[in-house]
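To convert, take the position in the sequence shown, counting from 1, and add 287; that gives the numbering used here. The C-beta atom is built at its ideal place from N, Cα and C for all residues, glycine as well. Keep in mind that this is a model prediction, so the values were computed, not measured.
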Amino acid sequence: MQDTASPTSAFVRERCQTGPTCSVPVDDLWNVWREWAEDNGVRAGTKQVFGRNLLSVVPQLNRSRPRAPSGDERIATYHGIALSG
């Protein structure tokens with residue numbers, strides 16, 4: 288029942304791992320979420336709404352924009368969550 292009420296919670300449980308050493312680029316997580324939502328008959332919504340819902344499921348989540356190794360760009364990244372497998 289909870290999965291119907293919270294698709295984001297089901298997504299995190301099925302496709303992610305959480306913890307202080309986990310991180311993932313925001314766009315990577317968003318793309319996997321959209322695919323998962325389509326496969327599960329869930330409306331993906333906007334990236335902003337997904338981020339807000341994600342924070343309610345993973346309260347320790349943080350977002351930052353660290354510099355890429357090249358130093359030329361900054362990549363929006365979630366800390367506290369990663370894609371599993």
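Taken through DSSP and simplified to helix, strand or coil, Gly-338 comes out as helix.
By the CB criterion at 8 Å, Thr-364 and Pro-312 fall inside the cutoff. Put simply, the segment 290-305 touches the segment 352-369. At least three CB pairs are less than 8 Å apart.
For Ala-324, the enclosing alpha helix (DSSP H) has its first and last residue at 313-326. A residue is called buried when at least 16 other Cβ atoms come within 10 angstroms of its Cβ; Val-336 does not meet this threshold and is exposed.
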